[in-house]
């Protein structure tokens, strides 16, 4: 009887264990883990932890439980968190990669631990299952000698210092041609812009642009002498003469406008200018600064109108 | 500048005279204006043109409209200087009589002396005329004859070169203007001249100019008044001096002309007398336009007629003077800048 009871107890124990095992079968488990080498790690190294996690399909990873990128402690940064999921029957496979970077600078070989992380999976009924990613212990190695051989030697004051590693050069060969093309295009564009704006000293700028430039200093001055005003008006006359390729007199305005129709809309202003100029030059009339301002405005308008025919 | 009453009324008379002449000689408005300028600037006028374009008619009309005495002589190859001063003839008794010739016969009343076909006269005759034109006086019968109001109108045929004597440089320089008379370009005017009977008889046409429209004795004083009243700005002075320089050395001022080697074109430019006469004429032109100051336009009005006979071209170009000079003057105008 005692034997029977013992057998029954063993059976029940075994059965209950089986039942318990099925009921408590983890909904999420790590089925593959790759944490890389846990020794010989040096300051600045990046450590990649790859996890393959299997969960029941009705559960999904709660994104808020993923570790947050950034500084975990004073020597450890979490640089990157990547994950991807894939359905496989009634299970979902998560591939999770955590990239750490250590900045611990040991003077001797030192054991350190990357702390564990906890992931949470939840289903539609808001039932949650957590899964702990285990902590990871590894050793870090120093990158320099504790006592370099040159220490104490006056000639080797830089004994601790190593020569800089020559920088790694990126391959720029395939950028060269496009860069050359863009550089040429940019240069041509700038040249064209300056050419059409009349900024180049030898360009085919409108003579009125040059006259405008000559007149500008007079505008800034408060008091203008008669000679200054005459010089300003003469600059404008010179522009007319250069545009027409001969001296333009008041009686030739109509012929000038027929030859250069782009200025036709300014006929009135041109006639006024010639009339005012006559008063100043031939009638010995005292002129005021307003004449120069009017003259500047006229040159400005004619220069703008002249842009369309720069090549003529 | 307030204009005097004298200048205003004189201008009205001048315009009235111009209108009358333009009615008799149609299609020559520019030439009429230039002769009017020359009259008021007290300058002598040389007309040049083809045969039958109205040169003589134009000068006769002016002479008649001007009033005063009118002397005339026809140029010919056998004309001698004395023919201008003395007129020899035989009277009814068969005795030779020598009277004053056409140049001096009217003395101080001479308003116009008209020398037709001047280039047919010998250089001796032209020389006599030099003094008459420059000094407005001549010696004859042992005394000096003065004609202070006289202007000489001369014409020459530009086409015919047979039995002609080219005017000397000095003689040409005495003329204020040389005006080229071409046939009218306007078609309506040409038809009128050919078909309108009013233009068939010149004497009848001239009869329409009944009374003098200007007093020739006042012209000298009027000219003085004009020369004083009209203002010439320093800018115009500079312009005229540059034009003068350009008439001597056009190549140095960058003047270019098609098919002409400008460096070799000019032998001698305009004279001092020529330039001063041009400015006098420009002042009159300004006055006739109702202005009291000279503009470049006035200079342009008188530039060609006052320079065309004063610039001496090198022989290779002399033969084409009639074509070259207008081009040359236009080039001067286009290249010499002024406001």
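Chains as they are written, first to last, in the numbering used here: chain D, 1 to 312; chain L, 1001 to 1339.
Here a beta-carbon is modelled for each residue, glycine too, at the ideal position from N, C-alpha and C.
Under 9 Å Cβ-Cβ, which residues of chain C neighbour residue i?
i               : result
residue 1281(L) : Within the model displayed, chain C is absent; protein chains D and L are what it includes.
In this structure, what does DSSP give as the bridge partners for residue i?
i               : result
residue 1139(L) : 1144(L)
residue 1133(L) : None, per the DSSP bridge assignment.
residue 56(D)   : 91(D)
residue 70(D)   : 78(D)
residue 1116(L) : 1074(L)
residue 51(D)   : 33(D) and 96(D)
residue 114(D)  : 136(D)
residue 1045(L) : 1153(L) and 1177(L)
residue 46(D)   : 101(D)
residue 208(D)  : Partner(s): none; residue 208(D) has no beta bridge.
residue 179(D)  : Bridge partners of residue 179(D): none, in fact.
residue 1080(L) : According to DSSP, which records beta bridges pairwise, residue 1080(L) is partnered with nothing at all.
residue 1088(L) : 1098(L)
residue 1069(L) : 1110(L)
By DSSP, does residue i sit in helix, in strand, or in coil?
i               : result
residue 1307(L) : helix
residue 1299(L) : helix
residue 1289(L) : coil
residue 75(D)   : coil
residue 1099(L) : strand
residue 12(D)   : Model confidence at residue 12(D) stands at a pLDDT of 49, short of 50, so the residue's coordinates are unreliable; what they give is reported in the following sentence. Note: residue 12(D) maps to helix in three-state DSSP.
residue 1110(L) : strand
residue 21(D)   : With a pLDDT of 39 at residue 21(D), under the threshold of 50, the modelled position of that residue is not reliable, and no figure is offered here.
residue 1009(L) : helix
residue 1275(L) : helix
residue 165(D)  : coil
residue 103(D)  : coil
residue 216(D)  : helix
residue 1325(L) : helix
residue 1337(L) : coil
residue 84(D)   : strand
residue 41(D)   : strand
residue 1121(L) : coil
residue 1165(L) : coil
residue 355(D)  : As displayed, chain D neither begins before 1 nor continues past 312, which places residue 355(D) out of reach and without an answer.
residue 1267(L) : strand
residue 141(D)  : coil
residue 128(D)  : strand
residue 287(D)  : coil
residue 258(D)  : helix
residue 1260(L) : strand
Run through chain D and tell me which residues come within less than 9 Å of residue i, C-beta to C-beta.
i               : result
residue 1180(L) : Neighbours of residue 1180(L) on chain D: none; closest Cβ ~21 Å, over 9 Å.
residue 1285(L) : None at all; the shortest Cβ gap to chain D is about 13 Å.
Using the beta-carbon of each residue, which ones in chain D are nearer than 7 Å to residue i?
i               : result
residue 1334(L) : 246 and 247
residue 1339(L) : 233, 234, 237, 277 and 281
For residue i, which residues in chain L fall below 9 Å Cβ to Cβ?
i              : result
residue 306(D) : Residues of chain L passing the Cβ test: none, with the nearest at roughly 19 Å.
Under 7 Å between beta-carbons, which chain L residues line up against residue i? List them in chain order, please.
i              : result
residue 251(D) : 1297
Can you name the residues of chain L whose CB is closer than 8 Å to the CB of residue i?
i              : result
residue 241(D) : 1337
> When you check each C-beta in the segment 1215 to 1239 of chain L against every C-beta of chain D, which residues fall closer than 8 Å?
Replying inline: 1231, 1233, 1235 and 1236
>> Does the structure place the segment 1173 to 1181 of chain L close enough to the segment 1302 to 1312 of chain L that three or more beta carbon pairs sit under 8 Å?
In response: yes
> Quick one: any contact between the segment 37 to 53 of chain D and the segment 96 to 106 of chain D, if contact means 3 or more CB pairs under 8 Å?
Replying inline: yes
> Can at least three beta-carbon pairs, one atom from the segment 275 to 291 of chain D and one from the segment 226 to 235 of chain D, be found at a separation below 8 Å?
Replying inline: yes
>> To be precise: take each residue of the segment 1287 to 1307 of chain L, compare its Cβ to all Cβ atoms of chain D, and keep it if any distance is under 8 Å. Which residues remain?
In response: 1293, 1294, 1295, 1296, 1297 and 1300
> According to a CB-to-CB cut-off of less than 9 Å, which residues of the segment 279 to 298 of chain D neighbour chain L?
Replying inline: 280, 281, 282, 283 and 284
> Below 8 Å, can you find three or more Cβ-Cβ pairs linking the segment 1088 to 1106 of chain L to the segment 1049 to 1062 of chain L?
Replying inline: no
>> Count Cβ pairs between the segment 1254 to 1266 of chain L and the segment 1147 to 1162 of chain L that sit closer than 8 Å; are there 3 or more?
In response: no
>> For the structure I just gave you, are there three or more beta carbon pairs, one from the segment 1278 to 1289 of chain L and one from the segment 1032 to 1048 of chain L, closer than 8 Å?
In response: yes
> Does the pairing of the segment 251 to 262 of chain D with the segment 1199 to 1216 of chain L give three or more beta-carbon distances under 8 Å?
Replying inline: no
> Any chance the segment 1256 to 1275 of chain L sits against the segment 288 to 306 of chain D, with 3 or more Cβ pairs inside 8 Å?
Replying inline: no
>> I want to know whether the segment 54 to 70 of chain D touches the segment 158 to 178 of chain D - three or more CB-CB distances under 8 Å.
In response: no
> Is the segment 1107 to 1124 of chain L close to the segment 1158 to 1167 of chain L, with three or more CB pairs under 8 Å?
Replying inline: yes
> Is it a yes or a no for the segment 1050 to 1057 of chain L touching the segment 1019 to 1028 of chain L, going by three-plus beta-carbon pairs under 8 Å?
Replying inline: yes
> How about the segment 68 to 77 of chain D and the segment 127 to 134 of chain D: do they share at least three Cβ pairs that are nearer than 8 Å?
Replying inline: no
>> So, does the segment 1081 to 1088 of chain L touch the segment 1125 to 1141 of chain L, judging by three or more C-beta pairs under 8 Å?
In response: yes
> How do the segment 204 to 215 of chain D and the segment 288 to 299 of chain D stand: do at least 3 beta-carbon pairs fall below 8 Å, yes or no?
Replying inline: yes
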